[in-house]
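S.K.:
Number of protein chains: 2
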Amino acid sequence: MEPLEESARPPSERTRVRRLPRRAAYDRATIHAILDEALICHLAFAVDGQPYAIPTAFARIDDHVYVHGAAASRMLRAAAGAPICFTVTLVDGLVLARSAFHHSMNYRSVVALGPAEEVVDEAERLAAMRALVERVAPGRWDQIRPPNRQELKATTILRLALSECSAKTRTGPPIDDLEDLALPCWAGVVPLALSRGAPVRDLTR
Amino acid sequence: MEPLEESARPPSERTRVRRLPRRAAYDRATIHAILDEALICHLAFAVDGQPYAIPTAFARIDDHVYVHGAAASRMLRAAAGAPICFTVTLVDGLVLARSAFHHSMNYRSVVALGPAEEVVDEAERLAAMRALVERVAPGRWDQIRPPNRQELKATTILRLALSECSAKTRTGPPIDDLEDLALPCWAGVVPLALSRGAPVRDLTR
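Same order as they appear, the protein sequences are chains A and B.
Residue numbers for the first sequence, in the working numbering: 3 to 207.
Residue numbers for the second sequence, in the working numbering: 3 to 207.
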């Protein structure tokens with residue numbers, strides 16, 4: 003459990019959820035839980051006034067998220083030191099209502115804003131790389147070959163503090179208008195989940 | 003099959019894949035197939051110099067993608083007429099290599115750039131709404147109550163032409179360095195897929 007007094011996090015004007023504010027959450031436990039379940043984020047950054055949203059892996063350590071990539075990556079060069087948006091989305095279900103208008107999805111998302119900082123401390127860089135591996139396969143870091151000097155040099159790591167962020171979620175059945183409840187069509191939720199299949203061993207020798 | 007002569011789509015400098023260009027594709031069939039499998043996109047747009055990436059549902063009709071939302075939505079107001087990035091990502095697997103460096107993911111993604119246009123033609127607006135419902139539950143549009151005048155008025159629809167876009171995919175096993183192949187750790191791919199669970203009927207009356 004995280005200390006209660008630290009978990010309240012008032013939204014900024016930029017991360018306050020305006021559409022359907024009842025779906026918003028700003029507490030650390032909710033935000034961390036969504037981040038820790040997700041496998042990828044989308045990073046938004048701008049190059050010459052053109053916004054981009056690029057998917058990439060990430061890891062969370064305490065109240066920072068980390069992304070990594072090739073040192074030459076356009077995304078990392080554009081994002082370092084610049085205002086970015088870090089977004090994570092889990093799709094939980096299709097919400098099939100009795101009217102077209104009330105169709106929706108169940109989801110959990112987190113949006114975090116801020117300047118991305120390049121991580122230069124070697125211990126923190128290694129911790130981020132370890133977290134990136136461990137989050138998809140716990141215990142794996144100690145079984146694999148760690149990065150060598152050349153690989154470390156070729157890797158850039160950025161971090162973003164989770165200081166200006168919000169979560170938005172929708173759960174539950176469709177909310178139909180009263181006058182539509184008698185319509186004969188099926189209504190409800192089709193649950194969705196990212197599932198892992200049977201691992202396929204690489205037989206290369 | 004789409005006509006071959008129309009499927010070649012040379013990338014712009016902004017959508018040409020630079021990192022690992024062997025993973026790139028620019029043909030219409032590949033791009034459409036990824037879009038048609040995905041349930042959500044992330045839209046990147048900027049407000050006061052701050053980029054945002056916001057998840058939302060979408061539909062494709064021919065060579066346009068459509069998103070919709072409340073007319074008052076900040077996202078739609080910021081994106082209408084402005085340069086946006088429309089990104090779709092399907093996560094297909096965890097790629098567990100013998101070295102930390104070669105860990106990866108299998109994925110299929112599409113990035114499309116351009117100005118988002120507000121759709122004002124009522125027939126096209128309805129076609130987009132229909133496509134948004136039909137893509138998650140084919141045949142459903144004819145069973146449900148269509149949007150009434152008030153709902154139509156409250157809904158904004160944006161479209162983006164798929165003219166400046168690219169796909170990027172990774173498939174297959176980890177690509178380890180030769181000298182790591184003898185390491186004793188497990189290596190391979192853990193397949194991932196978004197799966198639908200048993201539908202949960204809404205019993206509200």
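Cβ atoms here follow ideal geometry from the backbone N, Cα and C, with glycine treated the same way.
1. On the DSSP letters alone, give me the boundaries of the beta strand (DSSP E) that E166 of chain B sits inside.
2. Assuming R20 of chain B and R76 of chain A form a contact by the criterion Cβ under 8 Å, report the distance between their Cβ atoms to the nearest whole angstrom.
3. Give me the Cβ distance between L98 of chain A and P176 of chain A, rounded to the nearest whole Å; I'm assuming they're in contact under 8 Å.
4. Looking at the unbroken alpha helix (DSSP H) that takes in D38 of chain B, where does it start and where does it end?
5. Comparing C-alpha positions only, which one of B:P186, B:D204, B:A35 and B:A189 sits nearest to V192 of chain A?
6. May I ask you to list the residues that DSSP assigns as paired with G116 of chain A?
7. Compare the beta carbon distance of A156 of chain A and A81 of chain A with 8 Å and say whether it is the shorter of the two.
8. Does DSSP put A184 of chain A in a helix, a strand or coil?
9. Taking the alpha-carbon positions, what's the A61 of chain B to P140 of chain B distance?
10. Report yes if the C-beta distance between H104 of chain B and D178 of chain B is below 8 Å; otherwise report no.
11. Does the beta-carbon distance from C87 of chain B to Y109 of chain A come in below 8 Å?
12. Are L37 of chain A and V112 of chain A touching if we call contact CB-CB under 8 Å?
13. Closer than 8 Å, CB to CB, is R147 of chain B near chain A or not?
14. For G51 of chain B, is the classification buried or exposed, using 16 other Cβ atoms within 10 angstroms of its Cβ as the cut-off for buried?
15. Does the beta carbon of Y28 of chain A sit closer than 8 Å to a beta carbon anywhere in chain B?
16. With burial defined as no fewer than 16 other Cβ atoms inside 10 Å of the residue's Cβ, what is the status of S197 of chain B: buried or exposed?
17. For a cutoff of 8 Å on Cβ pairs, would you count A178 of chain A as touching chain B?
18. Applying the criterion that 16 or more other CB atoms from any shown protein chain within 10 Å of the CB defines a buried residue, is A169 of chain A buried or exposed?
19. Taking Cβ to Cβ, would you say I42 of chain B is nearer than 8 Å to P57 of chain B?
20. Rounded to whole angstroms, what's the CA-CA distance from N150 of chain B to R207 of chain B? Just pull it up for me.
21. Just the chain E side, please: which residues come within less than 8 Å of T158 of chain A by C-beta, in chain order?
22. Can you find the residues in the same chain that come closer than 8 Å, C-beta to C-beta, to L6 of chain A, ignoring five residues on each side of it along the sequence?
23. Taking only beta carbons into account, state which residues of the segment 25 to 49 of chain A come closer than 9 Å to chain B, listed in chain order.
24. Considering just the uninterrupted stretch of the beta strand (DSSP E) at R161 of chain B, what are its terminal residues?
25. Looking at the structure shown, is D179 of chain A part of a helix, part of a strand, or coil, going by DSSP?
26. For chain A, find out if any of its Cβ atoms is closer than 8 Å to the Cβ of L162 of chain B; answer yes or no.
27. So D182 of chain B contacts chain A; which residues on that side make the cut at Cβ distance below 9 Å?
M.R.: Walking through what the data contain:
1. E166 to R172
2. 6 Å
3. Contact between L98 of chain A and P176 of chain A holds, since their C-beta atoms are separated by about 6 Å, short of 8 Å.
4. R30 to E39
5. B:D204
6. A:I86
7. no
8. coil
9. 13 Å
10. For H104 of chain B and D178 of chain B, yes; Cβs fall inside 8 Å.
11. Result no, Cβ atoms of C87 of chain B and Y109 of chain A do not sit closer than 8 Å.
12. yes
13. yes
14. exposed
15. Output row for Y28 of chain A: interface = no.
16. Per the 10 Å Cβ criterion, exposed.
17. It is Asp, not Ala, that sits at residue 178 of chain A in the sequence shown. Yes, D178 of chain A counts as interfacial toward chain B.
18. buried
19. yes
20. 21 Å
21. This model lacks chain E altogether; the protein chains it does include are A and B.
22. Residue confidence is low: L6 of chain A scores 35 on pLDDT, short of 50, so the model does not pin down where it sits. Its coordinate-derived value is still stated next. Taken in chain order, the list of residues that qualify is empty.
23. For the segment 25 to 49 of chain A, residues whose beta-carbon sits nearer than 9 Å to a beta-carbon of chain B comprise L41, I42, C43, H44, L45, A46, F47, A48 and V49.
24. T157 to A163 is the extent of the beta strand (DSSP E) around R161 of chain B.
25. The answer is coil: DSSP assigns D179 of chain A none of H, G, I, E or B.
26. no
27. Here the neighbours are I146 and R147.
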